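Every position in the sequence shown, counted from 1, becomes a number in this note's numbering once 1 is added. All residues carry an ideal CB built from backbone N, CA and C; glycine is no exception. Small disclaimer: the values here were computed from a predicted structure and weren't measured. Read through the structure below, which is laid out as structure tokens, and then see the notes.
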Amino acid sequence: MNTHPSGFFNHFFPATFERARKHIQLPAGIDTNRDIILNILHNHHLLVQNIWPSFTIKSISSAPDTTVFALEKPVFIAYIKKATFTSFDGGVTTLEELGSSGIKAPAQSWRPVRPATAPGHYSLEESLTVSGDRLLSFLSRFDDGDGYDRNTERLLEFLARIAARKVSMSDVSEENSEQQYFDAAKLKND
Numbered sequence: 002m003n004t005h006p007s008g009f010f011n012h013f014f015p016a017t018f019e020r021a022r023k024h025i026q027l028p029a030g031i032d033t034n035r036d037i038i039l040n041i042l043h044n045h046h047l048l049v050q051n052i053w054p055s056f057t058i059k060s061i062s063s064a065p066d067t068t069v070f071a072l073e074k075p076v077f078i079a080y081i082k083k084a085t086f087t088s089f090d091g092g093v094t095t096l097e098e099l100g101s102s103g104i105k106a107p108a109q110s111w112r113p114v115r116p117a118t119a120p121g122h123y124s125l126e127e128s129l130t131v132s133g134d135r136l137l138s139f140l141s142r143f144d145d146g147d148g149y150d151r152n153t154e155r156l157l158e159f160l161a162r163i164a165a166r167k168v169s170m171s172d173v174s175e176e177n178s179e180q181q182y183f184d185a186a187k188l189k190n191d
């Protein structure tokens, strides 16, 4: 048996992986207004529906800057997880609790930043940390072909629909951010 830290069995012990921050270009039309970007990022109910569109979603706890959701996906055995969104002055963080899958706590944050190469425009900064069994954590969240996380990809698709005016800014407004249940069909692709 190989007990060296770099050995085979080391892949199954808990570990935390943090990926380098990535800057992703935002769609034209929303990339110049930080307040609009933050309003979208701080609307937890719209984010959760667009990040996990195939789940049944229920808000189970809400505070001024934090919302906790139960997400259920009926498969052969009901798959339930919890997602916590926390707003901060510059963006939003998410924490997923996945139970016994080997991936314990994917955590992400998104915030608008101004890259030096594009003055007057914002990009989305993504940071991602995954805790869990080494092999499962690595394969689950870091083996993506496009260079950023699946949840970020879904967020970018949602932002593109807003920029293309397929979702109105009134749907993203703060008045709609406290909904317990919402019309998922209205927010999905046509």
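Exercise for review: Return helix, strand or coil for Val-49, following the three-state DSSP convention.
Suggested key: helix
**Study point:** Continuous alpha helix (DSSP H) stretch holding Ser-171: start and end
**Key:** 170–173
Check your understanding: To the nearest angstrom, how far is it from the Cα of Leu-157 to the Cα of Thr-95?
Key -> 15 Å
Review point. Whose CA, out of Pro-113, Ile-52 and Lys-167, lies closest to the CA of Asn-40?
Key: Pro-113
Practice item. Specify, as a first and last residue, the run of the alpha helix (DSSP H) that Leu-99 falls within. Key: First-last for Leu-99: undefined, no H or E at that position.
Practice item. Starting from the Cα of His-122, find the closest Cα among Thr-17, Gly-30, Phe-18 and Arg-151 and give me that residue. Key: Gly-30
Review point. What's the C-alpha gap between Lys-189 and Pro-54?
Key: Only weak support exists for where Lys-189 lies, its pLDDT of 42 falling under 50; the value from the coordinates is given anyway. Cα-Cα distance, rounded: 8 Å.
**Study point:** Residue of Asn-44, Pro-28, Val-131 and Asn-34 minimising C-alpha distance to Ser-171
**Key:** Asn-44
Review point. Hey, quick one: how far does the alpha helix (DSSP H) through Ile-163 stretch, first residue to last?
Key: 151–164
**Study point:** Contacts around Ala-164, its chain only, beta-carbon distance under 6 Å, and the 5 residues preceding and following it disregarded
**Key:** Pro-28, Gly-30 and Ile-31
Review point. What's the call for Ile-52, buried or exposed, on a 16-neighbour Cβ count within 10 Å?
Key: buried
Review point. Any idea what DSSP makes of Phe-18, helix, strand or coil?
Key: strand
Exercise for review: Rank Thr-130, Glu-98 and Arg-162 by C-alpha distance to the C-alpha of Tyr-149 and give the top, closest one.
Suggested key: Thr-130
Exercise for review: Please report the Cβ distance between Pro-116 and Ser-110, rounded to the nearest whole angstrom; I am assuming they are in contact, meaning their Cβ atoms lie under 8 Å.
Suggested key: The pair is not a contact, with the Cβ atoms about 17 Å apart (cut-off 8 Å).
Check your understanding: What did DSSP end up calling Leu-125 once you bin it into helix, strand or coil?
Key -> strand
Review point. Cα-Cα, which of Ser-88, Phe-89, Pro-107 and Gly-91 is closest to Glu-97?
Key: Pro-107
Practice item. Quick one: give me the first and last residue of the beta strand (DSSP E) that Leu-27 is part of. Key: Taken as a continuous stretch (DSSP letters only), Leu-27 belongs to no beta strand (DSSP E), as it is neither H nor E.
Review point. Does DSSP classify Ile-41 as helix, strand or coil?
Key: helix
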